[in-house]
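Remarks on the structure that follows.
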Amino acid sequence: MTVTLIIHEETANHASVWWAEAPDLPGFSVADETLPGLLSRSRLAIEEILEERGVDPSSLDLGYSLAATSAGSEASLPVDKR
């Protein structure tokens, strides 16, 4: 199953918070203080959701996309093929 995370970075008071949503899983969102932490939490949470739905979590193909910035640009992160 392919799931794409849309990754956002919020900055306030010189601190960043990363959060992600997955349009393929309505209502899904995860947040963490670091990007690596966010990606790890997201993978674990999505694997758990897949297991609950009876889908083999090893079939997960997780893709990433950075949300548009205030300048309107969008960048892609490498696809995780684990």
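Everything in the sequence shown is counted per the working numbering, starting at 718 for the first residue and increasing by one. Note that CB positions come from ideal geometry on N, CA and C, so glycine has one too.
Next on the checklist: Per the DSSP calculation, residue 761 is bridged to which residue(s)?
Outcome noted: As a working note, residue 761 is residue 44 in the sequence shown. Residue pairing from DSSP leaves residue 761 without any beta-bridge partner.
Next on the checklist: At the level of alpha carbons, what is the spacing between residue 759 and residue 782?
Outcome noted: Counting from one through the sequence shown, the residue named residue 759 turns up at place 42. Counting from one through the sequence shown, the residue named residue 782 turns up at place 65. When the Cα atoms are used, residue 759 and residue 782 turn out to be separated by approximately 13 Å.
Checklist entry - What does residue 732 pair with, by DSSP beta-bridge criteria? => result What you label residue 732 is simply residue 15 of the sequence shown in a count that begins at 1. Answer by DSSP bridge pairing, in chain order: 729.
Next on the checklist: Can you list, in chain order, the residues of its chain with a C-beta nearer than 6 Å to that of residue 719? Leave out the 5 residues immediately preceding and following it.
Outcome noted: Along the sequence shown, read from residue 1 onward, the residue named residue 719 stands at position 2. Taken in chain order, the residues that qualify are 778.
Checklist entry - When you compare only the Cα positions, how much space is there between residue 738 and residue 771? => result In the sequence shown, counting from the first residue as 1, residue 738 sits at position 21. In the sequence shown, counting from the first residue as 1, residue 771 sits at position 54. Residue 771 has its alpha-carbon roughly 21 Å from the corresponding atom of residue 738.
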